[in-house]
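**Q** Okay, handing you the structure first.
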Amino acid sequence: MDVVVVESPAKAKTINKYLGSNYKVLASFGHVRDLPAKDGSVRPDDDFSMSWEVDGPSSKRLADIAKAVKDADGLILATDPDREGEAISWHVLEVLRQKKALKDKPVSRVVFNAITKKSVLDAMANPREIDAPLVEAYLARRALDYLVGFTLSPVLWRKLPGARSAGRVQSVALRLVCDREGEIERFIREDYWQIAALLATPRADEFDARLTAFEGKKLQKLDINSAEQAADIKTMLDGATFKAASVEAKPTKRNPGPPFTTSTLQQAASSQLGFSASRTMQVAQRLYEGIEIGGETTGLITYMRTDGVQMAPEAIDAARSSIGEEFGDKYLPEKPRYYSSKAKNAQEAHEAVRPTDFRRTPAQVRKYLDADQARLYEIIWKRAIASQMNPAEIERTTVEIEAVNGSRTAALRAVGSVVRFDGFLAAYTEQKEEDAEDEDGRLPEIKAGETLSRKSVTVTQHTTEPPPRYSEASLIKKMEELGIGRPSTYAATLKTLEDRDYVTIDRRRLVPQAKGRLVTAFLESFFERYVEYDFTAALEEKLDEISDGKLSWKDVLRDFWKDFSGHVDEIKELRVTEVLDALNEELAPLVFPEREDGSNPRICPKCGSGNLSLKLGKFGAFVGCSNYPECGYTRQLGEAADGDGSGGENGDRVLGKDPYTSEEIVLKSGRFGPYVQRGEGKEAKRSSLPKGWAPDQVDHEKAIALLSLPRDVGQHPETGKMISAGLGRYGPFVLHDGTYANLESIEDVFSIGLNRAVTVIAEKKSKFANGKGRAAAVALKELGEHPDGGPMTVRDGRYGPYVNWGKVNATLPKGKEPASITVEEALELIAAKAGKSGGGKKAAPKKAAAKKKPAAKKAAKKKE
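The structure is reproduced here in structure tokens:
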């Protein structure tokens, strides 16, 4: 029997079915070792030696693999077919060698590009050794990321409190987002006018034509830049005669695009389905690992982490066969289509993302998939099938029109197109050739030389728009074009930027936050080379040359570290004032936004004499006055200089007066965020804004409501004691006799009535002993007996759902539905938790503990 190691437990079960009883397939659950998150895990002074750490769950899995290998004939490493997969196989092999589990047993490496029986058996028939250059490229990449992060981040923490970290690829991606924001801020809008005419042929067929030239001069987009100029042209056209100078019908062909790569799939899923990059990869992973169809689990798509655009020859043959069956022979080209990637550093050996079986149309598999899976599979199938279809044939008609009014002339153009043969478009529209001629955009029959009648002339005013903020899709496309990062890293990079509050996503657009812009400005000012696009792309190329066996990975590390470490040492000596002076200039539009009254944005609006500047506090950067402490003006970075222009000083906004006390209510901004305040001095009443309330949405009514908290809801019918509702450190709540119960939203604080408040308090008390103390968590699902004795349950706790067995509580992975947890998954979580908390020994439940011998009991008690 041979042991086969894959990454995913879902794949392990399916592959074991394909291979049969002569194989035992075990899952590594992804990476089994990593560099410890502490200084010294990579040691440049020791020829870049590395320390690897195995966490609790991985230790248990590796022990199981080692045990199985000791009783096996050989080991087959079948982790994913990419750099990370090769690295995981290497890590597993290294650990097994350290455990001396292998001895002289044969070890081979296979890769499954698709989880189908044929693909798996074909891969098993063609084993190879671990790709050493690919592993070295992984080691170099991991060392570089570690050295940049753990060397640069402490500099950030010292010079920019509140900044969380910097990363080799992450910082360059953030720079792209911030640079685009700078372009938007610097953009100057310009007005321009466009002119079009509604014309008719002698046969009364109407069509639109757009002005392209006036009095012999070709017009560019912004050439008509005043209402007077536009009115003059309209007057001329209103009195002009029109003639069709030329009519040209030109056939063109539109070719299909290649099948999806990782990045193009993420882009298409974002624009067409509204998926984030991480969501796309989660759904694609499920399609790759397999769906149960007809009693058998089978993978529906090939491996989804790839930058190759080519399909395997057998897949091309299958696609061509399906095209003939689904669409007809006229949609099938004489020869197969072949593609090559335009992306930098593409690994052409990797196959594109495609269906494993083209006969499984989206309609046929939809009943086996959830909504997201069905939608993603559909765009993958259509893109792959279309890539092997005939081009669409389009007839494009262009009519050049002359307008004459006395000595003045103008030129207009009308353009229309007709799809004569839909070709590959049929895969997307399911529209056949006979319907294609009805497509919008056709022009009526127009003959060269004939006179056209004018129906109307229309003038429209437009304003130039700044470049749009990046979406996830457009940022991924840009990173790919620049050669920054790898397809497998894009989703994780974007998630990191969002998790660290460097960017937020607003209507699917990436908006840099003040913290992110501060970090970018610091890096551009003092580490410019390391956030340059070309430098980062060149480093990626070196990593690819390592994977090709053309460069030594340690030589690349030495060259990088020599310059980088020296530069970091120089920056460490900088004074914080020098850093702030540089950032004041780099971030001038953010730090000193223009004021509505036109006054100098660098002068303190409160005292009138102090200069504003960036300041650094415990919780990050803010804008303050140079006359501190005499002048206490502060403003959050990125906040408008004079609020909404209502006259409040110190960047504050006066909201009105309290109707009962006549005290002024002001919206203020402090180091801990925005808040409302009534009155002045020690007696002032203050309230932070609740989550979800933006400062610009707070009005007089909302401020009074906040300052009125806590409010009395009513007396409890049983105890007679008052129930109150308020906003606390942990969010909105109701309070009765020392028992707090959380509410879902701040709106509930203002609207909750006595009956519901009593119910909420009662529900909270039902989870607690005597209404106070530690919660008795509710069991959500019974899982049965643990092999070592004692029941296993899924429970709902204060910090989320978890699996319970005796004294062991193992939190469920983020996003895992409590109802979907299986016994096998529960055992895995319990074993991992017990190993981490008890030195590798399982914490047995009371039932099991009762069976201990007296001596064992005494020893255990002494140890405690």
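Here the UniProt record's numbering is used: position 281 in the sequence shown is 281, and no number is missing along the way.
Glycine included, C-beta positions come from ideal geometry on N, C-alpha and C.
Let me know if Val823 comes out buried or exposed under the rule of 16 or more other beta-carbons within 10 Å of its beta-carbon.
**A** Walking along the sequence shown from the start, residue 823 turns up at place 823. Exposed, by the Cβ-count rule.
**Q** Given that a residue counts as buried once 16 or more other Cβ atoms are within 10 Å of its Cβ, and exposed if not, what is Arg168?
**A** Mapped onto the sequence shown, residue 168 falls at position 168. By the 10 Å Cβ count, Arg168 comes out buried.
**Q** Does the distance from the C-beta atom of Gly549 to that of Pro9 stay below 8 angstroms?
**A** Taking the sequence shown and counting its residues from 1, the one referred to as residue 549 is at position 549. Taking the sequence shown and counting its residues from 1, the one referred to as residue 9 is at position 9. Contact flag unset, no.
**Q** In whole angstroms, what separates the C-alpha of Gly790 from that of Leu26?
**A** Position 790 of the sequence shown holds residue 790. Position 26 of the sequence shown holds residue 26. Approximately 26 angstroms between the Cα atoms of the pair.
**Q** Going by C-alpha distance, which of Leu273, Ala66, Lys17, Lys38 is nearest residue 885?
**A** As shown, the chain starts at 1 and ends at 864. That puts residue 885 outside it, with no answer to give.
**Q** Nearest by alpha-carbon distance to Pro259: which of Ile380, Asp179, Ala227 is it?
**A** As a first step, residue 259 is located in the sequence shown; it is residue number 259 there, counting from the start. The option with the nearest alpha carbon to Pro259 is Ile380.
**Q** Measure the Cβ-Cβ separation of Leu584 and Leu616 and say whether it is below 8 angstroms.
**A** The count along the sequence shown starts at 1 and reaches residue 584 at position 584. The count along the sequence shown starts at 1 and reaches residue 616 at position 616. Note that residue 584 corresponds to Asn in the displayed sequence, not to Leu. Contact: no.
**Q** To the nearest angstrom, how far is the alpha carbon of Leu754 from that of Leu144?
**A** Here residue 754 refers to the residue found at position 754 when the sequence shown is read from its first residue. Here residue 144 refers to the residue found at position 144 when the sequence shown is read from its first residue. The straight-line gap from Cα to Cα measures roughly 60 angstroms.
**Q** I need the straight-line Cα distance from Gly485 to Leu156, nearest angstrom please.
**A** Here residue 485 is taken as the residue at index 485 of the sequence shown, counted from 1. Here residue 156 is taken as the residue at index 156 of the sequence shown, counted from 1. Between Gly485 and Leu156, the C-alpha separation is close to 22 angstroms.
**Q** Which same chain residues end up closer than 8 angstroms to Lys842 when comparing Cβ atoms and leaving out the 5 residues on each side of it in sequence?
**A** As a first step, residue 842 must be located in the sequence shown, where it is residue number 842. Note that Lys842 has pLDDT 41, beneath the 50 cutoff, so the model's placement of it is unreliable and the number below is only indicative. Asp788, Val808, Ile830, Ala831, Ala834, Gly835.
**Q** Does DSSP put Pro791 in a helix, in a strand, or in coil?
**A** Along the sequence shown, read from residue 1 onward, the residue named residue 791 stands at position 791. The answer is strand: DSSP assigns Pro791 an E or B state.
**Q** Output needed for Tyr802: all residues of its chain with C-beta closer than 7 angstroms, excluding positions within five of it in sequence on either side, in chain order.
**A** What you label residue 802 is simply residue 802 of the sequence shown in a count that begins at 1. Once the five neighbours on either side are set aside, the close Cβ partners of Tyr802 are Arg795, Asn809, Ala810, Thr811, Leu812.
**Q** Where Glu433 and Ala426 are concerned, what is the direct C-alpha to C-alpha distance, given to the nearest angstrom?
**A** On the sequence shown, position 433 is the one that residue 433 refers to. On the sequence shown, position 426 is the one that residue 426 refers to. Reliability fails at Glu433, whose pLDDT of 37 lies under 50, so the model's placement of it is uncertain and the value that follows must be treated cautiously. Their Cα atoms are separated by approximately 8 angstroms.
**Q** Could you pull the start and end residues of the alpha helix (DSSP H) that Lys562 belongs to?
**A** Locating residue 562 in the sequence shown gives position 562, counting from the first residue. Looking at the DSSP string, the run of the alpha helix (DSSP H) that includes Lys562 is 553-572.
**Q** What are the start and end residues of the alpha helix (DSSP H) that includes Gly176?
**A** Taking the sequence shown and counting its residues from 1, the one referred to as residue 176 is at position 176. Per the sequence shown, the amino acid found at residue 176 is Leu instead of Gly. Note, Leu176: alpha helix (DSSP H), 170-186.
**Q** In whole angstroms, what is the alpha-carbon distance linking Glu649 and Ser270?
**A** Position 649 of the sequence shown, counted from the start, is the residue given in the question as residue 649. Position 270 of the sequence shown, counted from the start, is the residue given in the question as residue 270. At Glu649 the pLDDT is 40, less than 50, meaning the model places this residue with poor confidence; the figure from the coordinates comes in the next sentence. For Glu649 and Ser270, the distance between alpha carbons rounds to 44 angstroms.
**Q** Pull up the distance between the alpha-carbon of Glu129 and that of Val579, whole angstroms please.
**A** The sequence position of residue 129 within the sequence shown is 129, counting from 1. The sequence position of residue 579 within the sequence shown is 579, counting from 1. Distance between the alpha carbons of Glu129 and Val579 is about 51 angstroms.
**Q** For Leu709, which residues of its own chain have a beta-carbon under 6 angstroms away from its beta-carbon, when the five flanking residues on both sides are left out?
**A** To locate residue 709, count along the sequence shown from 1; it is residue 709. The residues are Gly726, Leu727.
**Q** Answer yes if the stretch 181-197 comes into contact with the stretch 599-606, meaning at least three C-beta pairs across the two stretches below 8 angstroms, and no otherwise.
**A** Touching, no.
**Q** Once DSSP output is grouped into helix, strand and coil, what is the label at Tyr377?
**A** Locating residue 377 in the sequence shown gives position 377, counting from the first residue. Helix, per DSSP.
**Q** Of all the beta strand (DSSP E) runs that stay within the bounds of the stretch 279-357, which reach a length of 3 or more residues?
**A** Complete beta strand (DSSP E) runs here, min 3: 291-293, 296-298.
**Q** For a test of the three-state rule: what should DSSP assign to Lys685, helix, strand or coil?
**A** Along the sequence shown, one-based indexing puts residue 685 at 685. Strand.
**Q** Among residues of its own chain, excluding the 5 on either side of Arg320, which ones have a beta-carbon nearer than 7 angstroms to its beta-carbon?
**A** For the purposes of this step, residue 320 is taken as residue 320 along the sequence shown, with counting starting at 1. Only Leu332, Pro336, Gln388 meet the Cβ criterion.
**Q** To which residues does DSSP link Glu206 through a beta bridge?
**A** Walking along the sequence shown from the start, residue 206 turns up at place 206. Paired residues: Ala200.
**Q** Of the choices Phe535, Lys382, Lys455, Leu494, whose alpha-carbon is the least far from that of Tyr470?
**A** Residue mapping note: residue 470 aligns to position 470 of the sequence shown, counting from 1. Minimum Cα distance to Tyr470 is reached at Leu494.
**Q** Taking its Cβ as the centre, do 16 or more other Cβ atoms sit within 10 Å of Asp307, making it buried, or is it exposed?
**A** Along the sequence shown, read from residue 1 onward, the residue named residue 307 stands at position 307. Flag for Asp307 reads buried.
**Q** Starting from Trp157 and walking both ways along the beta strand (DSSP E), at which residues does that stretch end?
**A** Within the sequence shown, numbered from 1, the residue matching residue 157 stands at position 157. No beta strand (DSSP E) holds Trp157; the alpha helix (DSSP H) holding it covers 132-159.
**Q** At the level of alpha carbons, what is the spacing between His786 and Met1?
**A** Sequence index remark: in the sequence shown, residue 786 carries index 786 (1-based). Sequence index remark: in the sequence shown, residue 1 carries index 1 (1-based). Their Cα atoms are separated by approximately 29 angstroms.
**Q** Rounding to the nearest angstrom, what Cα-Cα distance links Asp748 and Lys814 in this structure?
**A** Position 748 of the sequence shown, counted from the first residue, corresponds to residue 748. Position 814 of the sequence shown, counted from the first residue, corresponds to residue 814. Cα to Cα, the separation comes out at about 27 angstroms.
**Q** Classify Lys842 as helix, strand or coil using the three-state DSSP reduction.
**A** The residue you call residue 842 lines up with position 842 of the sequence shown. Because Lys842 carries a pLDDT of 41, less than 50, the predicted location of this residue cannot be relied on, and no value is offered for it.
**Q** Quick check: the stretch 54-62 against the stretch 113-130, are at least 3 beta-carbon pairs closer than 8 angstroms?
**A** Too few Cβ pairs lie closer than 8 angstroms, so no.
**Q** Please confirm whether Asp64 and Trp52 have their CB atoms less than 8 angstroms apart.
**A** Here residue 64 refers to the residue found at position 64 when the sequence shown is read from its first residue. Here residue 52 refers to the residue found at position 52 when the sequence shown is read from its first residue. Not in contact: Asp64 and Trp52 (Cβ atoms no closer than 8 angstroms).
**Q** Note down, one range per segment and in chain order, each beta strand (DSSP E) of at least 3 residues found wholly within the UniProt domain "Toprim" (1-117).
**A** Fully enclosed beta strand (DSSP E) runs of 3 or longer: 2-6, 23-27, 74-77, 107-109.
**Q** Below 8 angstroms, how does it come out for the stretch 528-537 and the stretch 589-598: are there three or more Cβ pairs, yes or no?
**A** No, the stretch 528-537 does not touch the stretch 589-598.
**Q** How many angstroms separate the CA atom of Tyr288 from the CA atom of Glu86?
**A** Along the sequence shown, one-based indexing puts residue 288 at 288. Along the sequence shown, one-based indexing puts residue 86 at 86. Those two C-alpha atoms are separated by around 18 angstroms.
**Q** By how many angstroms is the C-alpha of Phe592 removed from the C-alpha of Ser626?
**A** Within the sequence shown, residue 626 is the residue found at index 626, counting from 1. Within the sequence shown, residue 592 is the residue found at index 592, counting from 1. Near 14 angstroms, if we compare the C-alpha coordinates of Phe592 and Ser626.
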